[in-house]
Structure formats: C-alpha cells, structure tokens
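First comes the structure, then the notes that go with it.
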Amino acid sequence: MTPTVKKALHYCVFLLVLGILCGGLLALVNSFTSERIAAYQEELVQQELKAIFGEDSKFPTVAKPEGTAKEINNIYHWIDAEGNLKAVVYKVTTSGYGGDIISIIAFSTDDNKVLGFKVVSASAETRGNATEFDFGFVGQDGMGSLSYNNMSGASVTSAAVGKGATIASSHFKVHKDVLSQVGGDK
C-alpha cells in the first residue's frame with residue numbers, strides 16, 4: 504500500500520470514528536432534552552388555545568383515530584368553564600410558500616359549525632401576515648365544503664391554510680361521533 508493510500512485510509516477511519524462520536528453525542532443530548540422540548544411546545548399550544556377560546560377553558564388532548572392524516576398534529580376537546588364539551592379542536596400543519604403553517608380550528612359538537620380559527624405560526628411566509636388575517640372559516644358548516652378568503656398576493660399561503668382546514672373538516676366529518684365522546688381524552 505502506498506503512503507498516499509495509507510494516509511487517505513487513515514483519514515477515512517478518523518472521520519468515520521468522529522462521525523460516530525458526534526452522532527452518539529447528539530443522540531445523548533436529544534434523549535435528555537426531547538421530553539422537555541415537547542412539554543414546552545404543548546404548553547405554548549395550550550396558552551394559544553386559551554387565548555383564542557377563553558382562559559377558563561380546558562383543552563385535553565384526544566387520542567387520534569387510526570388513519571389520521573399526518574398534517575393533523577393534535578386533536579383536543581374544548582371544555583368550557585362549566586365542564587361542557589363545546590368543540591373538537593384540531594392543530595394542523597401544512598406547507599406554505601416559505602415553510603410550515605400551523606393552524607387551529609374548532610368544530611362545534613352541537614351544530615358542526617366552525618367556532619374558531621387561527622393561524623398560530625406562518626413565520627416563513629413572504630406576503631402579508633397570515634396570523635392576523637381573517638380567512639372567513641368561523642360560522643361555516645364543518646360538515647360541508649369550507650371556503651376561505653384569499654390573502655392578497657399570497658395565494659400559496661391561502662391555499663395551504665385552506666388545505667389544513669379541509670383536512671380537519673374531512674376528519675371531523677368521518678370521526679365526529681367518536682371524537683365527541685369525552686371519555687376519549689388522554
């Protein structure tokens with residue numbers, strides 16, 4: 504073996520060992536931090552839900568039925584201050600023009616109407632502020648076809664928001680009976 508090949512082989516082995524060590528360290532750090540990060544993110548979602556639907560409300564997580572679309576991150580029950588189930592709430596993530604758009608949409612368990620909607624994150628979108636825009640979902644029948652208002656100059660963002668609402672609405676139509684049972688909470 505020539506000295507050049509030996510040197511190249513030495514560097515390859517060195518880089519392989521270094522890569523394995525770095526990967527192991529990252530896995531170790533992730534094992535300590537992943538639960539804390541998930542708990543913090545859930546706390547932020549709970550704060551956002553209370554800001555949208557009321558501080559006196561509770562939002563327990565509901566087990567997702569088998570076959571739930573990957574865009575549906577979580578499903579919650581909206582329980583009012585008196586302990587009554589008001590709605591099934593979806594947290595949905597879809598891809599917009601510049602990145603992920605996270606929306607929350609609530610469907611009434613009484614009359615199937617959209618009781619609340621909010622884009623909670625769309626930081627990478629280029630036009631307008633989707634978190635402040637009224638897409639016009641509130642009051643529509645959640646069992647029907649949802650229409651939405653387009654943001655001027657942001658048709659891709661608007662379509663992504665509409666897609667998220669449609670995914671949630673379609674899921675609600677199919678699983679309303681199961682999701683409307685308070686006993687399904689985690």
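In terms of the numbering used here, the sequence shown opens at residue 504 and continues consecutively.
Ideal placement from N, C-alpha and C gives every residue a C-beta, glycine not left out.
Judged by beta-carbon spacing, residue 674 lies within the 8 angstroms limit of residue 572, meaning their Cβ atoms are closer than that value. Under the criterion of beta carbons closer than 8 angstroms, residue 601 and residue 663 do not qualify as touching, at roughly 10 angstroms. When DSSP reads this structure, residue 603 sits in a beta bridge with 598. DSSP places residue 626 in the coil class of the three-state scheme, outside both helix and strand. With contact defined as three or more Cβ pairs closer than 8 angstroms, the stretch 576-584 and the stretch 638-656 are not in contact. The stretch 622-682 contains, as complete alpha helix (DSSP H) runs of 4+ residues, the segments 658-682 (chain order). Of the candidates 680, 560, 592, the residue whose Cα lies closest to the Cα of residue 575 is 592. One thing to note: residue 584 has its Cβ within 8 angstroms of the Cβ of residue 560.
Per DSSP, residue 587 is not a residue of any alpha helix (DSSP H), being assigned neither H nor E. For residue 533, the enclosing alpha helix (DSSP H) covers residues 506-556. Closest in alpha carbon position to residue 666, among 597, 681, 566, is 597. Secondary structure note for residue 576: its beta strand (DSSP E) is the uninterrupted segment 575-582. A direct Cα-Cα distance of roughly 16 angstroms separates residue 539 from residue 529. Its Cα nearest to that of residue 617, the residue 671 stands out among 514, 554, 671.
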